[in-house]
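S.K.: Shown below is the structure under consideration.
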Amino acid sequence: MNPARLMSTTDAIDPVFMFIFGACLVLLIGITVVMLYFVVRYHRSRAPVATSQNDGNAWLEAVWIVLPTLLVLAMFYYGWAGYLSLRNVPAGALEVTATARQWSWSFSYANGRTSPKLYVPVGKAVKVNLVSLDVIHGFFLPAFRVKRDIVPGMKNYAWFVANKAGSYDLFCSQYCGTGHSAMITTVEALPAAAFEEWLEKVPEGAEHHGHDILEKYGCLGCHSEDGTVKVGPSFKGLWGKSVTVVTKGMERTITVDEAYLRRSILEPGADVVKGFPAIMPPFALKAEELGSVLAYLKGLK
Amino acid sequence: MNSAEPVERGFWNDTGTTGISSWIFSSDHKRIGLLYFYSTFGFFLVGVVLGLLLRIELMAPGRTIMGPQTYNALFTVHGVVMIFLFIIPGFQGSFGNLVMPIQIGARDVAFPRLNLFSWWLYMAGAVIILTSLVTGGGPPDTGWTFYVPFSARTGTNVSLAVFGVFIIGFSSILTGLNFVTTIHRLRAPGMSWDRLSLYVWSLYATAWVQILATPILAITLVLVMAERMLGTGLFDPAKGGDPLMYQHLFWIYSHPAVYIMILPAMGVVSDIIPVFSRKPIFGYKFIAFSSLAIAAFGSLVWGHHMFTSGMSDRAVMVFSFLTFIVAIPSAIKVFNWVSTLYKGSISLEAPMLFALSFIILFSIGGLSGLILGAAATDIHVHDTQFVVGHFHYVIFGGAGFAFFAAMHYWLPKFYGRRYAEKPAVMAWTLMFIGFNVMYFTMQVLGMRGMPRRYYDYLPEFARLNLVATIGSWILATGLIIMVVNLFRGLWWGPPFSGNPWGGATLEWSTPTPPPTENFLEEPTVTHGPYDFSALEREVIKTGEETA
Amino acid sequence: MSDGTPHHILGYNTLIKVWLALLLLTALTVWVAHLNLAIGHVWGSLAIACLKSGLVIAFFMHMRYEGRLLRWLLFLTLTTLAIYIGLTFFDVLYR
Amino acid sequence: MTHHTHKDYAGAKLGMWLFLFTELLLFGGLFLLYAVYLKRYPQEFTAAGREMHVVFGTANTAILITSSLLAAMAVTAIQRDQRRQTLWFLGGTVLCAIIFLTNKFFEWSAEIGHGFYPNSPRLATAPPGESTFFSLYYLTVGLHGLHVLIGASLLTWVAVKVKRGSVHGGDFVLLENGALYWHLVDLIWIFIFPLYYLIL
Ligand code: HEA
Ligand code: HEA
Ligand code: CUA
Ligand SMILES: [Cu+2]
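Each protein sequence line maps, in turn, to chains A, B, C and D. For the first sequence, position 107 matches number 115 in our numbering, and the numbering has no gaps at all. For the second sequence, position 495 matches number 1013 in our numbering, and the numbering has no gaps at all. For the third sequence, position 24 matches number 615 in our numbering, and the numbering has no gaps at all. For the fourth sequence, position 184 matches number 1579 in our numbering, and the numbering has no gaps at all.
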């Protein structure tokens, strides 16, 4: 496993997988076939009495202690070597910080650009620094065979390189609560030039500003903008709707207005929409951020 | 009890008292064994229904029958029930209690009243866990692993559930020390260590794991409660704690715990295979010793659950290495079981079918464990459906199928009645097929990257999930047939007496069902547990007597 | 007793001697703690604590007069605990 | 059906020792955490250790050692079939336990009064390791205190049996096992004392 020839994390893991999987398959088939053969050959209908009362053989035992030992030692060695190549980040890797929270991702780049998707240039190694704001999450890229837990208070990292442009799944692999399975996004691998262009692009337009803030704080992990119900109610058509909420254990029906939304963001436990778990953490948005979010939500029909 | 032929009732009739109190206050190991059997098997059926609901939810992407919070609570409760209420207490408590004292020629366990107390503790823990589902913030939603900081923050009723598990841990400890003392002190004359059945050997090894590992779980759960109720912050990074230390402590117990689940199962299989092959077990000493080796090395490998956690690389190396070492004693067992079949006279009755399928299912599970044990490959499949497949293969395909084998092999002995053979074989066939359809598919899903504990998934995983769900229905059909057939047979079936399987261990030399103190007179042991030549002489002798 | 295990009876004098030794060691460990030997004194205090617990186990708990089995099992338990701590340190020390 | 034709003395003791092993491991988990956090926060642990009351700790150590001596003497006395002495020794042991717990109560009151308890505002502003130290201290010592309570109750119960004559020179496993439990309580304190009070 010469690092110089190593093209990607996938190349580091897959051969190990093939080796162990193959060896296991051979063993399994061997054991099954031998067992089935014995069962058929020595079935009581064919062998009414046992033709041997042999109860052991030291040589055989030695063979099947030593050979498996050698085999598993080989498995251990390749497994360990492959793991090391996941840990050693190639020099000159692009550094990105992934911030995980219940239940959304945010990726920030050296120049301050942030994004809910992980944009990376094709063919360049990327080192992802993993930061959690609350509980343990998991950074999982199946296509690149990369996984690392995101533990609050720890400086974990992972690296990978995308050799082909495209969109790859990114999952949260460590169980983190209600929205765990919704905590998914993608890696967008762009050709180097396109990536540079994306990186320098300033997020546009005041009219989308509210949307960006929702994205930044991870609200969209639980609330959709298109009407689908996720962990929390959807934002679409919310303004002006009448909903039943539970306030201090009492149900009441209200009409969604600015005051209600403001309270729901700053103090989510106060009124909880009926049918949804009371799990949203409070978000301390700055006044102007709150303003543009409310304006944005108002327009989201 | 309306069968034509009269059935001897043994310990069922021996005591003066009758009714429920002659059971729940009895210190007879056989009655306690049956109490354990019915309570653990009852919880198994509860867990099974929950598992089935999980599969229905996963049948198609998106919301199928429940919301995410319900799903999360459901797999947590499924895991907790299956692990702590079924498989850990199940084997030791029911078949350990029923069979072990008889197999060593004792009248009872060393501390009969402590034994009863263990059951009561178990029930108390179970009630507390059930209470936690309907009180406070609702059923816990942390996964059976209770990882902090999530378990310290969630609003659900984690504290109470954890307390229930704590109580059950206590029960497990007491059973363990009872069994170790029994095996050391109460063997009948002539029952030397090399004449113990392999089932007793495996229970002995298991009991040690219970004694040496369970206290760590107990203290860990106390710490979780303290974390939630007192804010001790030992695992909270904001207060200087380290979440990974929780994981260490949890797995220091919970990895050895998987051997609490599998060792008795291996013991059952080691007992059944020679009987149905009419041939001594191959490599007795190696199998007995490998049980101890599994118990010993099993305590050294817990870190393999933490390869992606951010643990030091050196620890990854050490734990990966030790994980591979612990696979070797299992390999020894598998090879010896298969060799026992060679030149035997094999009869494929229900217990044997379950035992043989145990070998295959356990091998699939165990070999997939090797993929998890190698650091590089575990990174890819950790926390995916592959792990879910792995442990259902070893727990359900391994321990579960061996449990079913034990049910078919030993329960008739204690009821004096038996089930019908044909439906039993049919049930086995369905279960074996359904099992593989479901869990093999889940392993493939895992290799393709579908994470575990996912309520919803991307469309690319839809087809295989549907297949897995269909597998669960086949499995369910088989299980229902098995349960109905077995219990109908035990309660109303034809009589079962003497030694129809032809076993050479001591339980087959007492009347069926055994009398209260197991033996009419204290047995003196003159031959090994798999010495069928000794047995044949006895069979002929008793045959003459009855003729 | 029916199993005929001989019971060793420990005289009061022996017990009191052990008690005095324990008190002395306690005084010693407090004194050592004041010497300010930096982190090294953790090991010092632990050594003294081990000595003290050895005395308690051997005499007060009669381990000296028990058969080989119990000693082995005690050894097994302590080894297990040492292993739990030791293997955890593979993580803690090298993280 | 529960006619005990023979009482398995060695078996009863084996069972008790096995139980003690599990108790050792229970505390072992806390000692493991102690070791890990001491490694991570040596300064903070030293600083926090200075807040502990060495005098209380030393006194309680002496008291527990004495109680252990009395428990051991009670075993000797019953073996010699001296019932009165046995009862005196047991009484002494329980008395020591009560003094120990009273001390503990005053010590904890003082510490809590100074604002040292898990999640306290004072610890919240202290460096992280100190709060860890105090949390561990309260949990370990609290659990130990619980064991003192259980042990004392157990010995009281045994004393009643001695008085009634069902525990006597010919059958004293119960007393011996009770004493074993009590020694374990002492044993654990022997380690708690230097680790928490003497980390100066
Ligand atoms: C009965 C329970 C049981 C048993 C017996 C095992 C047995 C093994 N387990 Fe498993 N395991 C679990 C229950 C069990 N496990 C559970 C419940 C989890 C998940 C917990 C959770 O996260 O929720 C888990 C998770 C788990 C992981 C962590 C995965 C992850 O989260 O990333 C790992 C990693 O190493 C692992 C490895 C092994 C190994 C190497 C064995 C070995 O003991 C297997 C040995 C057996 C064989 C090897 C097969 C038989 C032998 C042959 C066919 C002969 C040929 C063999 C050789 C040449 C070696 N298991
Ligand atoms: C002993 C252990 C055990 C057993 C036997 C099972 C059995 C089953 N498990 Fe279980 N499972 C666990 C232990 C076990 N499980 C654990 C520990 C977890 C991890 C939890 C966590 O992540 O925290 C888990 C997680 C888990 C998941 C993963 C959840 C996720 O990650 O998203 C799934 C999903 O399919 C699942 C499904 C099933 C199914 C379908 C069964 C099948 O056995 C069920 C088959 C169904 C039947 C056979 C039903 C038929 C019977 C009846 C309907 C009743 C009839 C009764 C009478 C007539 C009296 N389990
Ligand atoms: Cu975040 Cu799971
Ligand atoms: Cu494990």
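The beta carbon of each residue, even a glycine, is placed where N, CA and C say it ideally should be.
(1) Since Asp1403 of chain D meets chain B, which of its residues come closer than 9 Å, beta carbon to beta carbon?
(2) Going along the region 962–973 of chain B in order, which residues come within less than 9 Å of chain A, judged by CB to CB distance?
(3) Going straight from the alpha carbon of Ser53 of chain A to that of Val74 of chain A, what length do you get?
(4) Listed from N- to C-terminal order along the chain, which residues in the region 1580–1591 of chain D have their beta-carbon within a distance smaller than 7 Å of any beta-carbon of chain C?
(5) Starting from Thr679 of chain C, find everything on chain B with Cβ-Cβ shorter than 7 Å and list it in chain order.
(6) Within 8 Å (strictly less), CB to CB, does Gly759 of chain B reach chain D?
(7) Where does Trp1026 of chain B land, buried or exposed, given buried means 16+ other C-beta within 10 angstroms?
(8) Please classify Glu573 of chain B: does DSSP put it in a helix, a strand, or coil?
(9) Let me see if you follow: with CB-CB separation under 8 Å, is Lys1434 of chain D close to chain C or not?
(10) Assign Phe795 of chain B to one of three DSSP states: helix, strand, or coil.
(11) Residues in its own chain within less than 6 Å of Ala624 of chain B by CB, not counting five upstream and five downstream?
(12) So the candidates are D:Leu1482, D:Val1449, D:Val1450; which of them puts its Cα closest to the Cα of Leu1465 of chain D?
(13) Using a Cβ-Cβ cut-off of 6 Å (strictly less than) and excluding sequence neighbours within five positions of Arg109 of chain A, which residues of its own chain qualify?
(14) Report buried or exposed for Cys641 of chain C, applying the criterion of at least 16 other Cβ atoms within 10 angstroms of its Cβ.
(15) What is the DSSP secondary structure of Trp615 of chain B, counted as helix, strand or coil?
(16) Taking its Cβ as the centre, do 16 or more other Cβ atoms sit within 10 Å of Leu1420 of chain D, making it buried, or is it exposed?
(17) Which one of D:Leu1427, D:Glu1418, D:Tyr1576 has the shortest CA to CA distance from Leu1350 of chain D?
(18) Based on Cα-Cα distance, which residue from B:Trp711, B:Val834, B:Phe804 lies nearest to Val683 of chain C?
(19) Give a yes or no on whether 8 Å exceeds the smallest Cβ distance from Ile639 of chain C to chain B.
(20) Pop quiz: Thr826 of chain B and Asp177 of chain A are said to be a contact at Cβ under 8 Å. What is the actual Cβ separation, rounded to whole angstroms?
(21) Can you list, in chain order, the residues of the region 1508–1526 of chain D whose Cβ is nearer than 7 Å to any Cβ on chain B?
(22) Across the region 711–731 of chain B and the region 691–699 of chain B, are there enough close Cβ pairs to call them in contact, namely three or more that are closer than 8 Å?
(23) Closest to Ala894 of chain B by C-alpha separation, out of A:Met43, A:Leu79, A:Phe84, would be which residue?
(24) Could you tell me whether the region 767–782 of chain B touches the region 909–920 of chain B, using the rule of 3 or more Cβ pairs below 8 Å?
(25) From this set, B:Ile601, B:Ala706, B:Pro658, which residue's C-alpha is nearest Ile622 of chain B's C-alpha?
(26) If you compare alpha carbons, which of B:Gln903, B:Phe609, B:Arg1006 is closest to Ala942 of chain B?
(27) Go to Ala166 of chain A, then tell me how far its alpha helix (DSSP H) extends in each direction, as first and last residue.
(28) When the Cβ atoms of the region 269–287 of chain A are set against those of the region 239–257 of chain A, are three or more pairs found closer than 8 Å?
(29) Please classify Gly891 of chain B as buried or exposed, where buried requires at least 16 neighbouring CB atoms within 10 angstroms.
(30) Name the chain B residues that come within less than 7 Å of Leu659 of chain C, Cβ to Cβ?
(31) Could you list which residues in chain B have their beta carbon closer than 8 Å to that of Ser1548 of chain D, in chain order?
(32) Can you find a CB in chain D that lies within less than 8 Å of the CB of Gly749 of chain B?
(33) Reducing DSSP to helix, strand and coil, say where Arg191 of chain A ends up.
(34) What is the residue span of the alpha helix (DSSP H) that Tyr1576 of chain D lies within?
(35) Along the region 133–148 of chain A, what residues have a CB closer than 8 Å to any CB found in chain B?
(36) Are the C-beta of Leu1420 of chain D and some C-beta of chain B separated by less than 8 Å?
M.R.: Answer, in terms of the structure:
(1) Counting from 1 along the fourth sequence, the entry for residue 1403 of chain D is found at position 8. Against Asp1403 of chain D, the close residues of chain B are Ala628, Thr699, Arg703, Leu704, in the order they occur along the chain (beta-carbon pairs closer than 9 Å).
(2) Met965, Arg966, Gly967, Met968, Pro969, Arg970, Arg971, Tyr972, Tyr973
(3) As a first step, residue 53 of chain A must be located in the first sequence, where it is residue number 45. As a first step, residue 74 of chain A must be located in the first sequence, where it is residue number 66. For Ser53 of chain A and Val74 of chain A, the distance between alpha carbons rounds to 36 Å.
(4) Result list: Asp1581, Leu1582, Ile1585, Phe1586, Pro1589.
(5) By 1-based counting over the third sequence, the position of residue 679 of chain C is 88. Ordered by position in chain B, the residues that pass the 7 Å Cβ test against Thr679 of chain C are His766.
(6) For this step, residue 759 of chain B is matched to residue 241 along the second sequence. Yes, contact with chain D.
(7) Here residue 1026 of chain B corresponds to residue number 508 of the second sequence, with the count starting at 1. That one is buried.
(8) Locating residue 573 of chain B in the second sequence gives position 55, where the first residue counts as 1. The sequence given here has Arg at residue 573 of chain B, not Glu. Arg573 of chain B falls in the helix class under three-state DSSP.
(9) Taking the first residue of the fourth sequence as position 1, residue 1434 of chain D is located at position 39. Chain C, which has a Cβ nearer than 8 Å to the Cβ of Lys1434 of chain D, makes this yes.
(10) Along the second sequence, one-based indexing puts residue 795 of chain B at 277. Note on identity: in this sequence residue 795 of chain B is Ser, with Phe being the wrong assignment. Helix, per DSSP.
(11) Counted from its first residue, the second sequence places residue 624 of chain B at position 106. Counting only Cβ-Cβ distances below 6 Å, and skipping sequence neighbours, we find Leu704.
(12) To locate residue 1465 of chain D, count along the fourth sequence from 1; it is residue 70. When each option's Cα is compared against that of Leu1465 of chain D, the closest is D:Leu1482.
(13) By 1-based counting over the first sequence, the position of residue 109 of chain A is 101. So the list reads Leu141, Asp142, Gly226, once near-sequence residues are dropped.
(14) As a working note, residue 641 of chain C is residue 50 in the third sequence. Exposed: under 16 other Cβ atoms inside 10 Å.
(15) Here residue 615 of chain B refers to the residue found at position 97 of the second sequence. Just to set this straight, residue 615 of chain B is Asn in the shown sequence, not Trp. Here Asn615 of chain B sits in helix by DSSP.
(16) As a first step, residue 1420 of chain D is located in the fourth sequence; it is residue number 25 there, counting from the start. Result: buried.
(17) Nothing about residue 1350 of chain D can be read from this structure; chain D reaches only from 1396 to 1595.
(18) What you label residue 683 of chain C is simply residue 92 of the third sequence in a count that begins at 1. Cα-wise, what sits closest to Val683 of chain C is B:Val834.
(19) For this step, residue 639 of chain C is matched to residue 48 along the third sequence. Chain B contact via Cβ: absent.
(20) Start at 1 with the first residue of the second sequence, and residue 826 of chain B comes out as number 308. Start at 1 with the first residue of the first sequence, and residue 177 of chain A comes out as number 169. About 17 Å separates the two Cβ atoms, so there is no contact after all.
(21) Only those residues of the region 1508–1526 of chain D whose C-beta falls short of 7 Å from the nearest C-beta of chain B are listed: Pro1513, Asn1514, Pro1523, Gly1524, Ser1526.
(22) yes
(23) Sequence index remark: in the second sequence, residue 894 of chain B carries index 376 (1-based). Among A:Met43, A:Leu79, A:Phe84, the Cα nearest to that of Ala894 of chain B is on A:Phe84.
(24) yes
(25) Sequence index remark: in the second sequence, residue 622 of chain B carries index 104 (1-based). Out of B:Ile601, B:Ala706, B:Pro658, B:Ala706 has the C-alpha closest to the C-alpha of Ile622 of chain B.
(26) Position 424 of the second sequence, counted from the first residue, corresponds to residue 942 of chain B. Checking every option, the nearest Cα to that of Ala942 of chain B belongs to B:Arg1006.
(27) Counting from 1 along the first sequence, the entry for residue 166 of chain A is found at position 158. From DSSP, Ala166 of chain A is part of no alpha helix (DSSP H) but of the beta strand (DSSP E) over 164–168.
(28) They touch, by the three-pair rule.
(29) Sequence index remark: in the second sequence, residue 891 of chain B carries index 373 (1-based). By the 10 Å Cβ count, Gly891 of chain B comes out buried.
(30) Position 68 of the third sequence holds residue 659 of chain C. Before going on, a small fix: residue 659 of chain C reads as Arg here, not Leu. Correct list: empty, because the minimum Cβ distance to chain B is about 12 Å.
(31) Working through the fourth sequence from its first residue, we reach residue 1548 of chain D at position 153. For the C-beta of Ser1548 of chain D, not a single chain B residue is nearer than 8 Å; the gap to the nearest is close to 17 Å.
(32) Counted from its first residue, the second sequence places residue 749 of chain B at position 231. The C-beta of Gly749 of chain B comes closer than 8 Å to at least one C-beta of chain D.
(33) Against the first sequence, residue 191 of chain A aligns to sequence position 183. In the sequence on display, residue 191 of chain A carries Met and not Arg. Met191 of chain A sits in coil when the DSSP states are folded into three classes, being neither helix nor strand.
(34) Indexing the fourth sequence from 1 puts residue 1576 of chain D at position 181. Taken as a continuous stretch (DSSP letters only), the alpha helix (DSSP H) holding Tyr1576 of chain D covers 1568–1587.
(35) Asp142, Val143, Ile144, Gly146, Phe148
(36) Mapped onto the fourth sequence, residue 1420 of chain D falls at position 25. Answer yes: the Cβ-Cβ gap between Leu1420 of chain D and chain B drops below 8 Å somewhere.
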